[in-house]
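Trainee: Here you go, one structure.
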Amino acid sequence: MGCFSSKQEKQTPGFQDPVALAQETIFSVSEVEALYELFKKLSSTVVDDGLIHKEEFQLALFKNSKRESLFADRVFYLFNTKQNNVIDFGEFVRALSVFHPSAPPEDKIEFAFRLFDQKRTGFINREEVKQMLIALLSESDMTLADDVIETILDKTFAEADTKNDGKIDKDEWRTLVMKHPSLMRNMTLPYLKDITTSFPSFVFRSEVDDSNT
Amino acid sequence: TKPIVMNAFELISLSRGLNLSGLFEE
């Protein structure tokens, strides 16, 4: 009885070999298999097709599939490396790997940089930061006068833009983050440390011994 | 008036949309 589902799941659209994913990421094979439990749950809440649609992503984050968020859009966009508007299992595992407590800090810094570099210029410019600041205020039902927003941006760029060219490059970003570690607070998910105990059911069916990988 | 103590990135990092812990919660 306990062995019936493994082959079926390997034929599910979006499923990828846990051994290969474990080799590419920080997760063990058992952890990748446990993440598949989570992925199955998230990818079946609106359309049960083995892929995470943006509405499903929003539903998981906000418990509301219709809630629009520039930030959730940015995160979805960065997870969806194939840029086809759905997150498959491989994309899900590779992106979450960056959020593991033991993932290299440089990977987290890079991911956060790309979050802000919306136009993919290799720099974070003032307009991009302003747009996100306004989105944050709107999300929090807060308003700030434009001159206050400009003052916050002046202060931010005076500190971060050490080359004084009006934009923040990767090195400047890294220096800023080192000074303000709280900027990276969203880049680590403690849940990922205990993923096999949170989503254990796949692990009990695993065909692969982690000690061999 | 109170001085502004947070920079823009600190404020932005407070967004719920950037906190992925929701993916793991029921």
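So the sequences go chain by chain: A and B.
Counting in this note's numbering, the first sequence tops out at residue 1054, every number present.
Counting in this note's numbering, the second sequence tops out at residue 80, every number present.
Idealized CB from N, CA, C, for every residue including glycine.
1) Tell me whether the beta-carbon of Thr886(A) lies closer than 7 Å to the beta-carbon of Glu897(A).
2) Hey, out of Trp1014(A), Ile950(A), Val927(A) and Ser981(A), whose CA is closest to Ser910(A)'s CA?
3) Run the CB neighbour count on Asp829(A), radius 10 Å, all protein chains shown included, and call it buried at 16 or more, exposed below.
4) For my contact list, Pro942(A) and Leu1033(A) are in at a C-beta cut-off of 8 Å; report their separation, rounded to the angstrom.
5) Could you compute how far the alpha carbon of Pro1022(A) sits from the alpha carbon of Glu64(B)?
6) Could you give the DSSP three-state label for Ile990(A): helix, strand or coil?
7) By how many angstroms is the C-alpha of Thr1016(A) removed from the C-alpha of Leu72(B)?
8) By a C-beta neighbour count over all protein chains shown, 10 Å radius and 16 as the cutoff for buried, is Gln864(A) buried or exposed?
9) Just by C-beta distance, which residues in the region 1018-1033 of chain A are closer than 7 Å to chain B?
10) Distance, Cα to Cα, Arg908(A) vs Gln899(A)?
11) Quick check: the region 964-975 of chain A against the region 985-997 of chain A, are there 3 or more CB pairs under 8 Å?
12) Helix or strand or just coil, what does DSSP make of Ser927(A)?
13) Could you please give the first and the last residue of the uninterrupted alpha helix (DSSP H) stretch that includes Leu65(B)?
14) Let me know the alpha helix (DSSP H) ranges lying completely inside the region 944-990 of chain A, each 4 residues or longer, listed in chain order.
15) Please name the residue in Leu919(A), Leu883(A) and Glu951(A) whose C-alpha comes closest to that of Phe903(A).
16) Can you tell me whether Met1028(A) is buried or exposed, with buried defined as 16 or more other CB within 10 angstroms of its CB?
Mentor: Reading from the atomic positions:
1) Result yes, Cβ atoms of Thr886(A) and Glu897(A) sit closer than 7 Å.
2) Considering only Trp1014(A), Ile950(A), Val927(A) and Ser981(A), the residue with the shortest C-alpha distance to Ser910(A) is Ser981(A).
3) No answer is possible for residue 829(A): it lies beyond the span of chain A, which begins at 842 and ends at 1054.
4) Pro942(A) to Leu1033(A), Cβ: 7 Å. Contact.
5) Rounded to the nearest angstrom, the two C-alpha atoms are 10 Å apart.
6) Judged by DSSP in its simplified three-state form, Ile990(A) adopts helix.
7) Those two C-alpha atoms are separated by around 21 Å.
8) Counting the other Cβ atoms within 10 Å of the Cβ of Gln864(A) gives fewer than 16, which makes it exposed.
9) The residues in question are His1021, Ser1023, Leu1024, Arg1026, Asn1027, Leu1030 and Tyr1032.
10) Distance from the CA of Arg908(A) to the CA of Gln899(A), rounded to the nearest whole angstrom, comes to 7 Å.
11) Two segments are said to touch when three or more pairs of C-beta atoms, one from each, lie closer than 8 Å; by this definition the region 964-975 of chain A touches the region 985-997 of chain A.
12) With the sequence shown as reference, residue 927(A) is identified as Val, and Ser is not the correct amino acid for it. Val927(A) falls in the strand class under three-state DSSP.
13) Annotation: the continuous alpha helix (DSSP H) that includes Leu65(B) extends over Ala62 to Ile66.
14) Scanning the region 944-990 of chain A from its first residue to its last, the whole alpha helix (DSSP H) runs of 4-plus residues come out as 946-957 and 967-980.
15) The shortest C-alpha separation from Phe903(A) is found at Leu883(A).
16) When all chains shown are included, Met1028(A) counts as buried.
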